[in-house]
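Only one structure is covered here, and it is reproduced in the block below.
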Amino acid sequence: MQRIFPYRTATNILLGIVFGSILCMAVCSKYNSHPDEMYHVGAAEFYKSAWLPPAVGDKRAIASNSDYGTTYLYQFDVCYFFTAKAAKIIKYIITNINYYIQLRVVTAFLFLVMLVMCAFFVKNSCYNSAAFMLLATPQLWYVFSYVNGDAFPFFVSYLIALLLFCREDSKETFFCSTPCSGNWYRGAVLGILIALLLLSKLNYLVFVAFLCTFALYAIFFKSEKQNRFYIFKMWMFVFFVAFCIFAPRYIYDVSINDFHKSDKLATWSQAYAKPQYKNGTKGEPPTYYGYNLRSKGVSVASLFRSPWEWQSVSFKSFVGLYGWMKITSPPWYYTMMALLWIFLIGVLFFLFFKNYQSLDVPLLCITFFFILMTIIQSIYNSWCNDFQAQGRYFFPALPLVFVILLQFKNSILERYILPLLNMVFCIAGLTSFVGVALVRILTC
């Protein structure tokens, strides 16, 4: 198809337009026009001068408290540390801009890195699948346009997906090649990335669990017998590197908060949360309507009915719901995006049943299982913690979709269907992100 139409060049141009839109949103939108941005900025601002996270109860953390009486500083997220330190560099490059814009530019830069990796370093056989992760939803672009804790772990998971799966040789893809120094180098980088993912948003743990399951599959089922011990050593090296980075952070947290951190967090939250988010005097759950629905007697099945409509809100916020979940796209847009996803899933099932004998069926089953787990954990969080039917919780599934798409990289899907789908997804997404989000947010 490249000979008939330069699809890769066209897709790269669209990716450039997407990045320009992200940068425009980051630079031009008002402060706190986006979900919880003031709390994310407060967490990053702590690291302007600090180098270590605070203990629970540290008064310096009060400035970043949310309505729930909690702060992102008490979580393991490293994104605020890196964003704050990188913002110092931005300050010297782009002078006379507000601090929150410096932080936004850093976040947008992560998307630029993914764009460059996809446009210039991914092989043709994997390109359309890699581009799909960046073009599938404008909600992803939106996340990279303001300060939050979701952009960084997606960036890391994207790099992991490219490093681990986007290879020309399928044996290299599964680290089943004969011993060579290049594998160990990639293993060290992979270990660092896994550690960063462990030190990020908790919903990305499902992707870490997938990687662990994939490692077992690669060692015992995918590798050749004569290389099995070598592959085992390599994966142990990967997880050892990850452990060496994660362990000091965990040990430090225990040293400043001991083993009763959850009790301290509950006390802190009760002291600083707004009234509707506090527990009652007799231990009753908070009065906020969406908090801890399970303890209030709401069944999980009720989440899919009025007034909750979890599935509807989750899908809309996955493909384009902006601001504080108040700025919606036209109804036709959501219908179109739903039809595009249904079409893609239908093509995948058709190709699966047509070519299943030549596919890695166990890997497809493993990947599909963890995609379901991504959805289930979002449902569980809305039921047992706080009703947050937000599509960003589905973002860990995008690298998993990438793994599935790569199984068909030599089929009509990669050569013809995905190039067209990428363009349609992107153009539709731009009508929502630019025509709705940018216009509404910049004019409000």
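For the numbering used here, add 363 to where a residue sits in the sequence shown, where the first one is 1.
Glycine is no exception: its CB is placed at the ideal position from the N, C-alpha and C atoms.
What you are looking at is a predicted structure, and each value in this text was computed from that prediction instead of being measured.
Compare the C-alpha of residue i against each of the options and name the closest.
i      : options                        : result
Trp673 : Asp723, Thr691, Phe716, Ser745 : Ser745
Phe595 : Tyr652, Ile582, Leu525         : Ile582
Cys481 : Phe602, Thr372, Tyr613         : Thr372
Phe713 : Met786, Leu768, Pro369, Phe528 : Leu768
Lys564 : Cys529, Asp513, Ala558, Ile376 : Asp513
Tyr462 : Phe474, Cys807, Lys448         : Lys448
Ala760 : Phe570, Val485, Lys624, Leu526 : Phe570
Thr737 : Phe757, Asn773, Cys575, Leu707 : Phe757
Val381 : Tyr505, Val601, Phe732, Ala450 : Tyr505
Tyr443 : Phe733, Tyr654, Lys411         : Lys411
Leu726 : Lys659, Leu579, Phe409         : Leu579
Cys387 : Phe750, Ala493, Tyr509, Leu377 : Tyr509
Pro693 : Phe573, Phe771, Ala800         : Ala800
Phe603 : Trp687, Leu553, Tyr402         : Leu553
Provide the residue(s) that pair with residue i in DSSP beta bridges, ordered along the chain.
i      : result
Thr691 : Leu684
Tyr654 : Asp749
Could you give the residue range of the alpha helix (DSSP H) that holds residue i?
i      : result
Ser625 : 624-635
Asp616 : 591-620
Val797 : Per DSSP, Val797 belongs to no alpha helix (DSSP H) and is neither H nor E.
Leu768 : 760-769
His403 : 400-409
Cys807 : Element bounds for Cys807: n/a, residue is neither H nor E.
Gln502 : 501-506
Gly383 : 370-391
Arg467 : 462-479
Ser669 : Neither: Ser669 is in no alpha helix (DSSP H) and is coded neither H nor E.
Lys451 : 442-456
Leu522 : 514-528
Asn428 : No alpha helix (DSSP H) contains Asn428, which DSSP labels as neither H nor E.
What is the rounded straight-line gap between the Cα of residue i and the Cα of residue j?
i      : j      : result
Ile456 : Leu702 : 44 Å
Ile385 : Glu587 : 45 Å
Leu763 : Ala524 : 8 Å
Thr446 : Tyr613 : 20 Å
Lys585 : Leu722 : 13 Å
Lys641 : Thr794 : 41 Å
Gln438 : Ala558 : 15 Å
Ala407 : Leu436 : 8 Å
Ser677 : Phe592 : 44 Å
Tyr715 : Phe667 : Contrary to the premise, residue 715 reads as Phe rather than Tyr in this sequence. When rounded, the distance between both Cα atoms is 30 Å.
Met700 : Phe788 : 8 Å
Ala426 : Lys454 : 22 Å
Arg467 : Lys451 : 12 Å
Ile460 : Ser392 : 13 Å
Trp631 : Lys624 : 10 Å
Phe528 : Val766 : 7 Å
Gly432 : Arg755 : 22 Å
Phe507 : Val802 : 17 Å
Phe600 : Gly550 : 7 Å
Met364 : Val710 : Caution applies to Met364, whose pLDDT of 48 falls short of 50 and renders its modelled position unreliable; the value that the coordinates give is listed next. Looking at the two C-alpha atoms, the distance is approximately 19 Å.
Trp695 : Phe495 : 22 Å
Ser359 : Tyr635 : The question about residue 359 has no answer here: the residues shown for the chain are numbered 364 through 807.
Lys627 : Leu562 : 20 Å
Leu568 : Phe515 : 14 Å
By a C-beta neighbour count over all protein chains shown, 10 Å radius and 16 as the cutoff for buried, is residue i buried or exposed?
i      : result
His397 : buried
Ile804 : buried
Asp440 : buried
Lys689 : exposed
Thr698 : exposed
Arg423 : exposed
Ala791 : buried
Trp414 : exposed
Gln639 : exposed
Thr470 : buried
Thr644 : The predicted model places Thr644 with a pLDDT of 48, which falls under 50 and marks its position as unreliable, so this point remains unresolved.
Leu735 : exposed
Phe537 : Summary for Phe537: the model assigns pLDDT 48, below 50, so the residue's position carries little reliability; its value from the coordinates is reported in the next sentence. The residue is buried, with at least 16 neighbouring Cβ atoms inside 10 Å.
Val617 : exposed
Trp687 : exposed
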